[in-house]
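Below is one structure, written out as structure tokens, with a few remarks after it.
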Amino acid sequence: MTKPPPRRAFIHAAVAAALVVAAGDGPRRVSAHRLTSGGDGRLVRVEPIDDDPGICVTASDGQLQRALAASRAAEASAQQGRRRASMPVGGDRVGGDPLRTIRDPNAAFAAVAVDVKRNEVIATDENLFQILAYSRTEHTPDGAPRSTPTRAIAGERTQIEFQSGIFVDPESGEVFVTNNDTRNKLAVFAQGVNGDVAPVRLLDTPHGAFGIAVDAAHQEMLITIQHDSAVVAYRKMADGHESPIRVLQGRHTGVADPHGIALDPRDDVVFIANYGSTHDVSSSIEKRTGVPSAGNDAGKTNWPLGREWAVPGSGTISAPSIVVHRRAASGDAPPVRVIQGPATGLDWPTGLAFDAAKRELYVANDAGSSVLVFDALAKGNAAPKRAIKGGRTGLANPTSVFVDAANQELWVANFGGHSLTVYPLDAAGDVGPRRTIRSAPPEAPSLMIGNPGAIAFDSKRDELLVPN
Amino acid sequence: MFAGLADGNARRVRAIEGQQTMLGRTMHAIAYDPIHDEIAVPQQFGQGILIFDGGAAGAVRPKRVIEGPRTQLIALDRLAIDPINDEIYVPEGRKVLVFPREASGNVAPTRVIAGPDTTILAARAVAVDTRHNLLVISASPLGSEGDSERSSEIAIFDRTAAGNAKPLRVISGIGGTQNIAVYPEGGFILAVGASYVGVWRLEDNGKVLPRYTIGGPNGKLVDPRGVTIDAKTKHVIVTDKFLNAVLTYAVPQLFESLPTAR
Chain A
29 MTKPPPRRAF
39 IHAAVAAALV
49 VAAGDGPRRV
59 SAHRLTSGGD
69 GRLVRVEPID
79 DDPGICVTAS
89 DGQLQRALAA
99 SRAAEASAQQ
109 GRRRASMPVG
119 GDRVGGDPLR
129 TIRDPNAAFA
139 AVAVDVKRNE
149 VIATDENLFQ
159 ILAYSRTEHT
169 PDGAPRSTPT
179 RAIAGERTQI
189 EFQSGIFVDP
199 ESGEVFVTNN
209 DTRNKLAVFA
219 QGVNGDVAPV
229 RLLDTPHGAF
239 GIAVDAAHQE
249 MLITIQHDSA
259 VVAYRKMADG
269 HESPIRVLQG
279 RHTGVADPHG
289 IALDPRDDVV
299 FIANYGSTHD
309 VSSSIEKRTG
319 VPSAGNDAGK
329 TNWPLGREWA
339 VPGSGTISAP
349 SIVVHRRAAS
359 GDAPPVRVIQ
369 GPATGLDWPT
379 GLAFDAAKRE
389 LYVANDAGSS
399 VLVFDALAKG
409 NAAPKRAIKG
419 GRTGLANPTS
429 VFVDAANQEL
439 WVANFGGHSL
449 TVYPLDAAGD
459 VGPRRTIRSA
469 PPEAPSLMIG
479 NPGAIAFDSK
489 RDELLVPN
Chain B
2 MFAGLADGNA
12 RRVRAIEGQQ
22 TMLGRTMHAI
32 AYDPIHDEIA
42 VPQQFGQGIL
52 IFDGGAAGAV
62 RPKRVIEGPR
72 TQLIALDRLA
82 IDPINDEIYV
92 PEGRKVLVFP
102 REASGNVAPT
112 RVIAGPDTTI
122 LAARAVAVDT
132 RHNLLVISAS
142 PLGSEGDSER
152 SSEIAIFDRT
162 AAGNAKPLRV
172 ISGIGGTQNI
182 AVYPEGGFIL
192 AVGASYVGVW
202 RLEDNGKVLP
212 RYTIGGPNGK
222 LVDPRGVTID
232 AKTKHVIVTD
242 KFLNAVLTYA
252 VPQLFESLPT
262 AR
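Residue numbers (this note's numbering), protein chains in the order written: chain A, 29 to 496; chain B, 2 to 263.
See below:
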């Protein structure tokens, strides 16, 4: 059994149970007991616990699950309360509790980043709406159900939901997350926070924010907007109702249902991964009502034109691509390069990461269950320089990649595998991961139900059809 | 796709996914046609309607795609199939567009329901009752801007309505709704709302409270979105986007009789 990292317990009033973190020289067992209420969601107690080598991951797991379940129940109750008033209640409630509930009880990792300075890896969970932190060297032992995070940011105050993108500031340790599709906010959390805490900054974003890249040199952050096929740039420290400083949007940009974004600081360009579907927008047409809209654009400048400005019937569903733009590009600027074509192997390209030293671009290739690596200057129908792919890799619907240059490691978030997997930066082919952090037993099915907006019943096959 | 009796952390039986499918990961609706064994999914970013074989799995191309300037599609988030009369209905803002079920490519809608008499400000969802020849539309009504109580109504039209048609009747004051479903044989409408599913009769008119509620209030549902019916087992099945879950409710009383007056 691999030796787990050292731990100690943080007890958090808001989640009403113990979460587990690391400290000290050896493994420790966590116990949940007397709580001290801070009343404001802050950590209220830190409690070292008895040594218990060999079972610490398992022993603390149940407590973490209970803590997170309690936090989530509180958030559900708050959300129910807000919505209750909007629909009348009339006749008897029938049906009682559900006869069956299809639900993945485990974290589904969507985005990942490493805080090298603090030796932490931080990942978003789009299934249970959490941000989970682990020791960077964590590895889930065989036989253990899952690794226990050192801390978990979750709950009503966090205002996170479907957090598809993450950036961890290497200096301050602040954690930036983009909420996709349901909450039009970017949330920034202070370094080291735990539990149901409010973000230190909460920024309005257009609807459908997905990826984030931060440019330290120019103190900017760039965010992709799926629904508007756009990229918006903000001040790095932007907050509240602040407007973007520029927007990239238009048919000539090549941006089409964009996902991940990565920065090449030397050449001052950004790479943008696209699924390929988009439509034209125009401010010269009559603004439509009744189409889905974020509704938070009032008074904003440099805001992309939303679907209320969509040109009817202008849509196209094209091949996936990676477009390369000048960082400071705006308006309907064309890309400087485009990677697109059958040789690229792109198949729902989602997360991107750039290795500035080796001049290589990493692509989390969701539907291909692979990681593709391209030269920084690749263009056209270019084949990847190498790919990590195959049954030994542990890759399963990867949606995020992170290059840890300091430790020469590549991190992958496997949305379809309940796992974060780690490889040497030069890994290629059907290679096993150097380490794996699991959020569920290896045999646990990964449901990948995300924002299920509808359902249909296939009476011929007796199946439930759920779009995501 | 999950087995009808799936429960808990059940494994998917199949999935349609990948670039070949022309889908993305942000699909908000699905409809199944049991007569022709087809699945329809709206591609909201690409302004298209994708039709798959009912048994499709993996990285398969759709068998038909409705897409192009003639379609008038804008930001389609929901749709419904009428397998009897061979039509596809798409709510699009102030309009409901109707396409031939077998349409492919750049085709114009055969009918467009739109205009001040329709009462529709923002159509959210549609359902078809082929037994009584009704088209049921969940929509924000004209003049409801900023009025949360009037944010949704259920307008019931003749199925063949076109142009600036008046609804036959309107169930009003139902607050915010998401998807709807109808069960013509039982004569009821299901509307997904705030933490529960409301049940109305198809002949309800005016400000009528739901006859029944399912899943809440004060139940397990938090933010329900989708709803469908398995009439054979007398189940109502609901998706919840907060829970990322599919919940099945046994409601035999719904299929036996509904209160007729309140």
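Beta carbons are placed, not taken as given, at the ideal position from N, Cα and C, and that holds for glycine.
**Prompt:** Taking the DSSP output, what are the residues bridged to Ala-338/A?
**Reply:** According to DSSP, which records beta bridges pairwise, Ala-338/A is partnered with Val-309/A.
**Prompt:** Distance, Cα to Cα, Pro-225/B vs Ile-157/B?
**Reply:** CA-CA distance, Pro-225/B to Ile-157/B, rounds to 23 Å.
**Prompt:** Name the chain B residues whose beta carbon is nearer than 7 Å to that of Asn-155/A?
**Reply:** Here the neighbours are Asn-245.
**Asked** For the segment 468–486 of chain A, which residues have a beta carbon sitting closer than 7 Å to at least one beta carbon of chain B?
**Response** Cβ contacts with chain B: Ala-472, Pro-473, Leu-475, Ile-477, Gly-478, Asn-479, Pro-480, Gly-481, Ala-482, Ile-483, Ala-484, Phe-485 and Asp-486.
**Gly-418/A: contacting residues in chain B (beta-carbon distance under 8 Å)** = None at all; the shortest Cβ gap to chain B is about 17 Å.
**Asked** Can you tell me the Cα-Cα spacing of Gly-460/A and Leu-423/A, whole angstroms?
**Response** CA-CA distance, Gly-460/A to Leu-423/A, rounds to 9 Å.
**Request:** Identify every residue that forms a DSSP beta bridge with Ile-273/A.
**Result:** Answer is none; Ile-273/A lacks a bridge partner.
**Request:** Alpha carbon to alpha carbon, how far is Ala-456/A from Glu-471/A? Give it in angstroms, no decimals.
**Result:** Taking C-alpha positions only, Glu-471/A is separated from Ala-456/A by approximately 25 Å.
**Message:** Distance cutoff 9 Å, beta carbons only. Does Ala-434/A sit that close to anything in chain B?
**Reply:** Residue contact check for Ala-434/A against chain B: no CB pair falls below 9 Å.
**Cβ contact (3+ pairs, closer than 8 Å) linking the segment 387–401 of chain A and the segment 439–448 of chain A** = The segment 387–401 of chain A is in contact with the segment 439–448 of chain A.
**Asked** Excluding the five sequence neighbours on either side, which residues of its own chain have a C-beta within less than 8 Å of the C-beta of Leu-230/A, listed in chain order?
**Response** Around Leu-230/A: Gln-187, Lys-213, Leu-214, Ala-215, Val-216, Asp-267 and Gly-268.
**Asked** Going by beta carbon distance, what residues of the same chain come within less than 8 Å of Gly-220/B, once the five residues before and after it are set aside?
**Response** Close CB contacts of Gly-220/B within its chain, under the 8 Å cut and outside five residues either way in sequence, are with Ser-196 and Tyr-197 (chain order).
**Asked** Would Val-364/A be called buried (16 or more neighbouring beta carbons within 10 Å of its own) or exposed?
**Response** So Val-364/A ends up on the exposed side.
**Proximity to Val-205/A [Cα-Cα], best of Arg-211/A, Val-242/A and Ile-194/A** = For the residues Arg-211/A, Val-242/A and Ile-194/A, the minimum Cα distance to Val-205/A belongs to Ile-194/A.
**Request:** Specify, as a first and last residue, the run of the beta strand (DSSP E) that Pro-286/A falls within.
**Result:** Following the DSSP letters along the chain, one finds Pro-286/A inside the beta strand (DSSP E) bounded by residues 286–292.
**Item:** Distance, Met-28/B Cα to Ala-104/A Cα
**Value:** Between the alpha carbons of Ala-104/A and Met-28/B lies a distance of about 24 Å.
**Proximity of Ile-82/B and Val-129/B at Cβ, strictly below 9 Å** = Yes, these two residues count as a Cβ contact at 9 Å.
**Item:** Per-residue burial, Thr-245/A [other beta carbons within 10 Å of its own, 16 or more giving buried]
**Value:** Reading off the sequence shown, one finds Ala at residue 245/A, where the question assumed Thr. Residue burial annotation: Ala-245/A is exposed, with fewer than 16 other C-beta atoms found within 10 angstroms of its C-beta.
**Neighbour-count burial assignment, Ser-258/B, 16 or more Cβ in a 10 Å radius** = Using a 10 angstroms sphere on the CB of Ser-258/B, the tally of other CB atoms stays under 16, which defines it as exposed.
**Prompt:** For Val-283/A versus Val-260/A, is the C-beta distance shorter than 9 Å?
**Reply:** No, these two residues do not count as a Cβ contact at 9 Å.
**Message:** Suppose the cutoff is 6 Å on Cβ atoms and the five residues either side in sequence are ignored; what does the same chain contact list for Gly-69/A look like?
**Reply:** With a pLDDT of 30 at Gly-69/A, under the threshold of 50, the modelled position of that residue is not reliable, and the figure given next carries that caveat. Correct list, in chain order: Ala-42, Arg-185, Asp-224 and Val-225.
**Item:** Backbone CA spacing between Val-183/B and Pro-142/B [nearest angstrom]
**Value:** Taking the CA atoms as reference points, Val-183/B sits about 20 Å from Pro-142/B.
**Item:** Whole-Å CB distance - Leu-250/A paired with Ile-313/A, under 8 Å assumed
**Value:** So it is not a contact: roughly 28 Å between Cβ atoms.
**Request:** State buried or exposed for Val-237/B, treating a residue as buried only when at least 16 other CB atoms are found within 10 Å of its CB.
**Result:** Classification of Val-237/B: buried, given that the 10 Å Cβ count is 16 or more.
**Short-range partners of chain A found in the segment 60–89 of chain B, where Cβ spacing is below 8 Å** = Per Cβ criterion, the list reads Ala-60, Val-66, Glu-68, Gly-69, Pro-70, Arg-71, Thr-72, Gln-73, Leu-74, Ile-75, Ala-76, Asp-78 and Arg-79.
**Prompt:** What are the start and end residues of each continuous beta strand (DSSP E) run of 3 or more residues lying completely inside the segment 413–478 of chain A, in chain order?
**Reply:** Fully enclosed beta strand (DSSP E) runs of 3 or longer: 414–417, 426–432, 437–442, 447–452 and 463–466.
**Request:** Measuring alpha carbon to alpha carbon, tell me which of Trp-331/A, Val-142/A and Pro-133/A ends up nearest Ala-433/A.
**Result:** Considering only Trp-331/A, Val-142/A and Pro-133/A, the residue with the shortest C-alpha distance to Ala-433/A is Val-142/A.
**Prompt:** On the three-state DSSP scale, how would you describe Arg-132/B?
**Reply:** Arg-132/B carries a coil assignment under DSSP once its states are collapsed to helix, strand and coil.
**Message:** Check whether chain B comes within 9 Å of Ile-345/A, counting only Cβ atoms and requiring the distance to be less than that.
**Reply:** So, interface residue.
**Message:** With the cut-off set at 9 Å, would you say Glu-491/A and Phe-3/B are in Cβ contact?
**Reply:** In contact: Glu-491/A and Phe-3/B (Cβ atoms closer than 9 Å).
**Prompt:** By Cβ distance, which residues of its chain are closer than 8 Å to Ile-230/B, with the 5 residues on each side in sequence left out?
**Reply:** Spatial neighbours of Ile-230/B in its own chain (CB-CB distance under 8 Å, excluding positions within 5 residues in sequence) are listed in chain order as Ala-182, Tyr-184, Leu-191, His-236, Val-237 and Ile-238.
**Prompt:** Just checking my contact of Ser-153/B with Gly-177/B at CB under 8 Å: how many whole Å lie between their CB atoms?
**Reply:** Right, their Cβ atoms sit about 5 Å apart.
**Prompt:** In chain A, which residues lie less than 9 Å from Gly-47/B when you measure between Cβ atoms?
**Reply:** One finds Ala-284, Asp-285, Gly-304, Ser-305, Thr-306, His-307, Gly-343, Thr-344, Ile-345 and Ser-346 in chain A with Cβ atoms closer than 9 Å to the Cβ of Gly-47/B, taken in chain order.
**Prompt:** Does the segment 368–385 of chain A come close enough to the segment 73–80 of chain B to have 3 or more Cβ pairs within less than 8 Å?
**Reply:** Put simply, the segment 368–385 of chain A does not touch the segment 73–80 of chain B. Fewer than three CB pairs are less than 8 Å apart.
**Message:** Can you confirm whether Ile-251/A, when its beta carbon is compared against all beta carbons of chain B, has any partner nearer than 9 Å?
**Reply:** Ile-251/A does not count as touching chain B.
**Request:** State the start and end residues of the unbroken alpha helix (DSSP H) segment that holds Pro-253/B.
**Result:** Run containing Pro-253/B: 253–257, per the alpha helix (DSSP H) assignment.
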